[in-house]
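Going by the numbering used here, the final residue of the sequence shown carries number 308, and the count climbs one at a time with no gaps. Heads up, the thing below is written out as structure tokens.
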Amino acid sequence: MTGAATGDRLYQLAVTGFALVIPGLLALIAIAIGVAAWPAFSTAGLSFITSSEWNVQAGKFGAAPAIYGTLVSSFIALALATPLAVGVAIFLSEIAPKWLRQPVAFLVDLLAAIPSVVYGLWGIFFLVPMLRDHVVPFLRDTLHLGGTPLFSGPAYGPSMLAAGVILAIMALPYISAVTREVLLAVPRSQRDAALALGATKWEMIRDAVVPYARSGIIGGVILGLGRALGETMAVTMVIGNRPEISASLLAPGYTMASLIANEFTEATSDLHLSALMAVGAVLFVVTLIVNGIARWLVWRVASGPRA
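This is how it looks when you write it as structure tokens:
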């Protein structure tokens with residue numbers, strides 16, 4: 002008994018230690034980034050977040066265009082990916098025959114395994130020309146959206162729209178996987194009760210299944226947002242990398258991740274390097290908040306009845 006008790010105790014301590022490694026690593030990352038970013042924050046103050054001027058030679062660093070580009074491209078991605086991802090999840094969990102569910106789910110999940118640089122190359126050689134030559138003319142001439150601020154100005158090719166589209170493709174498997182899991186977690190009694198009251202299959206999905214899983218679906222969407230916020234290589238290759246704030250989705254832009262990727266290897270001064278670390282700190286905080294909200298929402302739908 003003593004040997005067994007000692008073994009159990011050692012096992013408990015080992016597992017507890019492994020569990021504490023993750024928050025420990027997170028704390029170390031936060032401390033390292035915070036210390037490196039402090040000179041830029043102390044020099045620029047609040048203007049680091051509100052200013053649009055990024056002039057390395059003058060020692061002026063304003064991350065507003067990168068923050069704006071990160072948020073806009075990510076929300077474009079959500080607007081495009083969410084309906085498609087939720088539709089795929091509903092199809093796989095409620096409609097598709099059993100022999101088709103696994104292959105389609107595998108193909109959707111496979112999108113998450115493609116390296117971002119491959120997405121970037123695909124974006125350069127296929128997506129950007131397609132948007133410039135076909136999609137943008139359709140939006141402007143057929144739908145008459147050229148007079149709106151969102152589609153004004155020349156269509157260069159690399160743009161905020163291109164970044165949003167490629168992020169949508171990359172975020173789709175995450176949203177779809179989480180949504181599929183929370184839909185499958187909905188009790189069978191919910192479906193049976195709706196059908197017993199005379200609802201059609203579509204009415205059962207719309208009025209009984211989806212509302213029950215709403216919190217989890219929102220959590221999946223926010224997890225997709227977290228994926229989009231931190232994407233680097235693919236966005237860097239198609240967004241145009243211009244540090245300006247423009248209302249037009251056809252204009253080139255910048256994101257926090259692409260700003261760091263473009264300038265980190267060329268940062269020669271301590272202040273420039275600190276400014277890039279400060280951009281990383283802002284992105285780190287935003288990503289933590291987004292993923293924390295997502296986990297909380299998923300926990301709500303998994304631990305209790307309909308919110």
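Where a beta carbon is used, it is the ideal one built from N, C-alpha and C, also for glycine. Since we're looking at a predicted model, the values are computed, not measured.
Item to check | Alpha-carbon spacing of Met-257 relative to Phe-19, whole angstroms | outcome: Working through the sequence shown from its first residue, we reach residue 257 at position 256. Working through the sequence shown from its first residue, we reach residue 19 at position 18. Computed Cα separation, rounded: 32 angstroms.
Next on the checklist: Assuming Leu-162 and Glu-232 are in contact, meaning their beta carbons sit under 8 angstroms apart, how far apart are those beta carbons, in whole angstroms?
Outcome noted: Locating residue 162 in the sequence shown gives position 161, counting from the first residue. Locating residue 232 in the sequence shown gives position 231, counting from the first residue. Rounded, the Cβ-Cβ distance is 15 angstroms, inconsistent with contact.
Checklist entry - Just the Cα atoms here: how many angstroms apart are Leu-21 and Leu-11? => result Locating residue 21 in the sequence shown gives position 20, counting from the first residue. Locating residue 11 in the sequence shown gives position 10, counting from the first residue. So the alpha carbons of these two residues sit roughly 15 angstroms apart.
Checklist entry - From what residue to what residue does the alpha helix (DSSP H) around Glu-204 run? => result Here the question's residue 204 lines up with position 203 in the sequence shown. From DSSP, the alpha helix (DSSP H) with Glu-204 extends over 202-205.
Checklist entry - Looking at C-alpha atoms only, which residue of Ala-282, Val-287 and Ala-295 is the closest neighbour of Leu-29? => result Translated into positions along the sequence shown, residue 29 becomes position 28. Closest by alpha carbon: Ala-282.
Checklist entry - For Val-136, which option in Ala-156, Leu-122 and Val-118 has the closest C-alpha, if you only look at C-alpha atoms? => result Counting from 1 along the sequence shown, the entry for residue 136 is found at position 135. Of the candidates Ala-156, Leu-122 and Val-118, the one whose C-alpha sits nearest the C-alpha of Val-136 is Ala-156.
Next on the checklist: Quick check on Asn-292: does DSSP put it in helix, strand or coil?
Outcome noted: For the purposes of this step, residue 292 is taken as the residue at position 291 of the sequence shown. DSSP places Asn-292 in helix when its eight states are reduced to three.
Checklist entry - For Gly-158, does the count of other Cβ atoms within 10 angstroms reach 16, so buried, or fall short, so exposed? => result What you label residue 158 is simply residue 157 of the sequence shown in a count that begins at 1. Its Cβ being crowded by 16 or more others within 10 Å, Gly-158 is buried.
Next on the checklist: Just verifying my parser: in three-state terms, what is the DSSP assignment at Gly-148?
Outcome noted: Within the sequence shown, the letter at position 147 stands for residue 148. Residue state, collapsed to three classes: coil.
Checklist entry - Could you give the distance in angstroms between the alpha-carbon of Val-109 and the alpha-carbon of Tyr-69? => result Here residue 109 corresponds to residue number 108 of the sequence shown, with the count starting at 1. Here residue 69 corresponds to residue number 68 of the sequence shown, with the count starting at 1. For Val-109 and Tyr-69, the distance between alpha carbons rounds to 30 angstroms.
Checklist entry - Is the CB-CB distance between Ala-65 and Ser-52 below 7 angstroms? => result For this step, residue 65 is matched to residue 64 along the sequence shown. For this step, residue 52 is matched to residue 51 along the sequence shown. Contact flag set, yes.
Next on the checklist: Quick check on Ala-6: does DSSP put it in helix, strand or coil?
Outcome noted: Indexing the sequence shown from 1 puts residue 6 at position 5. Reduced to three states, the DSSP call for Ala-6 is helix.
Item to check | Span of the alpha helix (DSSP H), counted from its first residue to its last, around Ser-177 | outcome: Position 176 of the sequence shown, counting from 1, holds the residue named residue 177. Taken as a continuous stretch (DSSP letters only), the alpha helix (DSSP H) holding Ser-177 covers 161-185.
Next on the checklist: Tell me whether the segment 54-62 and the segment 233-242 touch, counting them as touching only if at least three CB pairs, one residue from each stretch, are closer than 8 angstroms.
Outcome noted: no
Item to check | At least 3 beta-carbon pairs within less than 8 angstroms: the segment 204-211 vs the segment 176-194 | outcome: yes
Next on the checklist: Can you look up Ala-308 in the DSSP assignment and give me helix, strand or coil?
Outcome noted: The residue given as residue 308 occupies position 307 in the sequence shown. Unreliable positioning characterises Ala-308 in this predicted model, as indicated by a pLDDT of 44, which lies under 50. The coordinate reading is nonetheless provided below. Coil, per DSSP.
Checklist entry - Just curious, the alpha helix (DSSP H) that Val-136 is in, first and last residue? => result As a working mapping, residue 136 is identified with position 135 in the sequence shown. Here Val-136 belongs to no alpha helix (DSSP H), and DSSP marks it neither H nor E.
Item to check | Neighbourhood of Tyr-175 by C-beta distance below 6 angstroms, restricted to the same chain and skipping five residues each side | outcome: To locate residue 175, count along the sequence shown from 1; it is residue 174. Cβ neighbours of Tyr-175 beyond the five flanking positions: Leu-224, Gly-225 and Arg-228.
Checklist entry - For the 8 angstroms Cβ check, are there 3 or more pairs between the segment 138-157 and the segment 244-255? => result yes
Checklist entry - Excluding sequence positions up to five away, which residues of its chain have a Cβ less than 6 angstroms from the Cβ of Arg-102? => result The residue labelled residue 102 in the question sits at position 101 within the sequence shown. Leu-93, listed in sequence order.
Checklist entry - How would you call Leu-14, buried or exposed, if buried means at least 16 neighbouring beta carbons within 10 angstroms? => result Start at 1 with the first residue of the sequence shown, and residue 14 comes out as number 13. Leu-14 should be labelled exposed.
Item to check | Residue from Ile-34, Ile-96, Val-73 and Ala-41 with nearest C-alpha to Thr-201 | outcome: Numbered from its first residue, the sequence shown carries residue 201 at position 200. It is Ile-96.
Checklist entry - Tell me, which residues are paired with Lys-61 by DSSP? => result Counting from one through the sequence shown, the residue named residue 61 turns up at place 60. DSSP, once it has assigned bridges, lists Asn-56 as partnering Lys-61.
Checklist entry - Using the beta-carbon count (16 or more within 10 Å), is Ala-41 buried or exposed? => result Here residue 41 refers to the residue found at position 40 of the sequence shown. Burial call: buried.
Checklist entry - Exposed or buried, which one is Met-178 when buried takes at least 16 other CB atoms within 10 Å? => result Taking the sequence shown and counting its residues from 1, one reaches residue 178 at position 177. The question names Met, but residue 178 in the sequence shown is Ala. Buried, since its Cβ has 16 or more Cβ neighbours within 10 Å.
Checklist entry - Where does Ala-6 land, buried or exposed, given buried means 16+ other C-beta within 10 angstroms? => result Your numbering for residue 6 matches position 5 in the sequence shown. Result: exposed.
Checklist entry - In whole angstroms, what separates the C-alpha of Asp-134 from that of Ala-113? => result Reading the sequence shown from its first residue, position 133 is the one you call residue 134. Reading the sequence shown from its first residue, position 112 is the one you call residue 113. Between Asp-134 and Ala-113, the C-alpha separation is close to 28 angstroms.
Checklist entry - Under 7 angstroms between the Cβ atoms of Leu-298 and Ile-219? => result As a position in the sequence shown, residue 298 is number 297, starting the count at 1. As a position in the sequence shown, residue 219 is number 218, starting the count at 1. In this structure, Ile-219 lies closer than 7 angstroms to Leu-298 by Cβ.
Item to check | 7 angstroms Cβ cutoff met for Ala-78 and Gly-221 | outcome: As a working note, residue 78 is residue 77 in the sequence shown. As a working note, residue 221 is residue 220 in the sequence shown. Against a cut-off of 7 angstroms, the Cβ pair of Gly-221 and Ala-78 comes out as no contact.
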